[in-house]
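Student: In full-length UniProt numbering, the protein residues as written are 1 to 525. Note that beta-carbon positions come from the ideal geometry of N, C-alpha and C, so glycine has one too. Since the model is a prediction, treat every value here as computed from it, not as a measurement. The structure that follows is given in the form of structure tokens.
What follows is the structure, given as structure tokens:
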């Protein structure tokens, strides 16, 4: 790679593209190290599936009188109704395996189990906002360390909760750490990467969360009691804390904070591992680009941007709602909840890989639309089937929803010009968080009819998939820097991609990911 000459200053992206390298060994090592934070985050999040597991469905109870026909009849049901039995006619066999059995969260208190989940996701939303702001003010590394510390300390305290309401409070506070960790890790992992690779790398950060989530059923199978399980999940975060001192600060944040010398040193360390060199020109001050940022009001005043924003907000809300509700509902399917959840999380890995491949072949709009419709149709089949076929359909639904989830950030950032992109992404994150909070309430409707959550998700996913057709295809289009540059029409008539288009080898990834180069950096200023 040749050095930059004849110019007074260069941006970080120009330095990465022309001298340091865009995704060399230095960036790969850092990306892997930071993205590993998604594993304890996924484990801590999906802990709720087993800590709050339904002991009634799992038959972790028994009749107190052997000859009680009514009790024995209920015990033989797939979904027993303990509320119809006298309280003295049955007892828990594994009282401390779940918070539900320890605190008797059944019958009139059945809502309380999902209230725990709502509190946790509320904490995640709050953490994304508060610790996201802290990442901008104090640095990505500081926010990452603080988030891990909160997860480890508060997660450990959850295992000692003396009562239900104490557990709700501590679980919600743990969610603050999880939400902040996701934001800080994403920025820290992707900011040192060059524009041609940054978007794809961001897409695959979701895979580490899925890996952590897949560990939850395995750990729960080995340690069924909820208090030791909670403590071990927090210990996984403590293990990751040992790696945080070796993680360098983001050169982009250092430059934005006015610490140009440290930013240059951070790039020099990456260049050393890449066996390349720094550019001869100094780094440019990003103050002008930061000053050009506009708020959400600018988006709402522009008809085209307003339409795009509303569609993407609805899509982000739908995807996160469906992902969370489906994940919670899988525990109620026939068969082993451990195996069902493990398969549902593992299927996310090929879904993310396929989404990354199709983005540059059939386009962002088509990939998102097909993923949403695939998830919606599979959810319909979940409502209509039972047994092993329903479990297969649930995994198929999870495949489509996971593919859509990992690319919503990417497509949203492409739809808006640079000056308002950060505001649009923040709004999308906020609405998506609301979707996760509402999902446990949707799952509660299953007590009236088991198919209700699946039908609701199916309708929402299909409507979102159809609404995406109103958005423009951004594959191969130049990115607008300002709202004024969007005066010319950019949407293309929707056409179904052919097999040749899907299988073609030519990729537009450089064009695509170059346009996304500054989206996350701008959203963090």
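Going by beta carbon distance, what residues of the same chain come within less than 8 Å of residue 468, once the five residues before and after it are set aside?
Tutor: If we look at residue 468 and ignore the five residues flanking it on each side, its Cβ neighbours are 311, 315, 365, 368, 369 and 372.
Student: Hey, is residue 121 close to the ligand COA, as in C-beta under 7 Å from one of its heavy atoms?
Tutor: In terms of ligand content, the structure shown is empty, and the ligand COA therefore cannot be addressed.
Student: Does the stretch 177-186 come within contact of the stretch 111-130, defined as at least 3 CB pairs closer than 8 Å?
Tutor: Verdict: yes, contact present.
Student: Taking only the alpha-carbon atoms, compute the straight-line gap between residue 87 and residue 107 and give it to the nearest angstrom.
Tutor: For residue 87 and residue 107, the distance between alpha carbons rounds to 11 Å.
Student: Does the separation of the CB atoms of residue 281 and residue 12 fall below 8 Å?
Tutor: Going by C-beta atoms, residue 281 is not nearer than 8 Å to residue 12.
Student: In whole angstroms, what separates the C-alpha of residue 164 from that of residue 103?
Tutor: Rounded to whole angstroms, residue 164 to residue 103 spans 7 Å at the Cα level.
Student: If I follow the unbroken beta strand (DSSP E) through residue 63, where does it start and stop?
Tutor: First-last of the beta strand (DSSP E) with residue 63: 61-63.
Student: Any contact of the stretch 54-66 with the stretch 225-239, i.e. 3+ C-beta pairs under 8 Å?
Tutor: With the cut-off at 8 Å, the stretch 54-66 and the stretch 225-239 do not touch.
Student: Mapping the DSSP letters down to three states, classify residue 284 as helix, strand or coil.
Tutor: Looking at residue 284 - three-state DSSP - the assignment turns out to be coil, as it is neither helix nor strand.
Student: Unbroken alpha helix (DSSP H) runs of length 4 or more, entirely within the stretch 417-444: which are they?
Tutor: Listed in chain order, the complete alpha helix (DSSP H) runs (minimum 4 residues) inside the stretch 417-444 are 418-444.
Student: What's the call for residue 192, buried or exposed, on a 16-neighbour Cβ count within 10 Å?
Tutor: It is buried - the Cβ of residue 192 has at least 16 other Cβ atoms within 10 Å.
Student: Does residue 468 come out as helix, strand or coil in the three-state DSSP assignment?
Tutor: The answer is helix: DSSP assigns residue 468 an H, G or I state.
Student: With a CB to CB cut of under 6 Å and the five nearest residues on each side skipped, what residues in its chain are close to residue 22?
Tutor: Excluding positions up to five away in sequence, the list reads 16, 194, 196 and 197.
Student: Could you give the first and the last residue of the continuous alpha helix (DSSP H) run that contains residue 103?
Tutor: It is not in any alpha helix (DSSP H) - residue 103 carries neither H nor E in the DSSP assignment.
Student: Determine the extent of the beta strand (DSSP E) in which residue 91 is found, giving its start and end residues.
Tutor: Residues 90-92.
Student: For residue 213 versus residue 168, is the C-beta spacing smaller than 8 Å?
Tutor: Contact flag unset, no.
Student: Is it true that the stretch 384-401 meets the stretch 331-347, where meeting means three or more beta-carbon pairs spaced less than 8 Å apart?
Tutor: Counting Cβ pairs under 8 Å, three or more are found: they touch.
Student: Which two residues bound the contiguous alpha helix (DSSP H) that contains residue 205?
Tutor: Looking at the DSSP string, the run of the alpha helix (DSSP H) that includes residue 205 is 195-222.
Student: Runs of 4 residues minimum, wholly inside the stretch 282-354: which ones carry the alpha helix (DSSP H) assignment?
Tutor: Listed in chain order, they are 287-291, 296-300, 303-329 and 337-346.
Student: Which of the three DSSP states is assigned to residue 56 in this structure?
Tutor: Coil.
Student: Here's a check: name, in chain order, each residue in its chain whose Cβ is nearer than 8 Å to the Cβ of residue 386, leaving out the five neighbours to either side.
Tutor: Hits under 8 Å: 334.
Student: Applying the 10 Å Cβ sphere with the 16-neighbour rule, what's the burial state of residue 61?
Tutor: Its Cβ being crowded by 16 or more others within 10 Å, residue 61 is buried.
Student: What's the gap between the Cα of residue 308 and the Cα of residue 471?
Tutor: Computed Cα separation, rounded: 6 Å.
Student: Just mark residue 216 as buried or exposed, buried being the case when its beta carbon has 16 or more other beta carbons within 10 Å.
Tutor: With 16 or more Cβ atoms within 10 Å of its Cβ, residue 216 is classed as buried.
Student: As a quick exercise: from 421, 476 and 99, pick the residue whose alpha carbon is nearest that of residue 362.
Tutor: For residue 362, the nearest C-alpha among the options comes from 476.
Student: May I ask you to list the residues that DSSP assigns as paired with residue 10?
Tutor: DSSP, once it has assigned bridges, lists 283 as partnering residue 10.
Student: When you compare each of 41, 39, 79 and 72 to residue 55 by their alpha carbons, which one comes out closest?
Tutor: Considering only alpha carbons, the answer is 79.
Student: May I have the straight-line CA-CA distance separating residue 218 from residue 14, to the nearest angstrom?
Tutor: Roughly 45 Å between the two C-alpha positions.
Student: What are the start and end residues of each continuous beta strand (DSSP E) run of 3 or more residues lying completely inside the stretch 124-164, in chain order?
Tutor: Segments of the beta strand (DSSP E) lying fully in the stretch 124-164: there are none.
Student: Going by the CB atoms, is the gap between residue 336 and residue 443 shorter than 8 Å?
Tutor: Taking 8 Å as the Cβ cut-off, residue 443 and residue 336 do not qualify as a contacting pair.
Student: With 8 Å as the threshold, decide whether the Cβ of residue 21 is near any Cβ in chain D.
Tutor: The chain labelled as chain D is not found in the depicted structure, where only one protein chain is given.
Student: Going by beta-carbon coordinates alone, are residue 148 and residue 264 separated by less than 8 Å?
Tutor: No, these two residues do not count as a Cβ contact at 8 Å.
Student: Pop quiz: residue 173 and residue 352 are said to be a contact at Cβ under 8 Å. What is the actual Cβ separation, rounded to whole angstroms?
Tutor: No, residue 173 and residue 352 are not in contact; Cβ-Cβ is about 30 Å, not under 8 Å.
Student: Between which residues of its own chain and residue 246 is the CB-CB distance below 8 Å, once the five residues before and five after are set aside?
Tutor: Closer than 8 Å at Cβ, skipping near neighbours: 33.
Student: Take residue 406 and list the residues in its own chain whose beta-carbon comes closer than 6 Å to its own, dropping the five residues that flank it on each side.
Tutor: The answer, listed in chain order, is 203, 206, 352 and 355.
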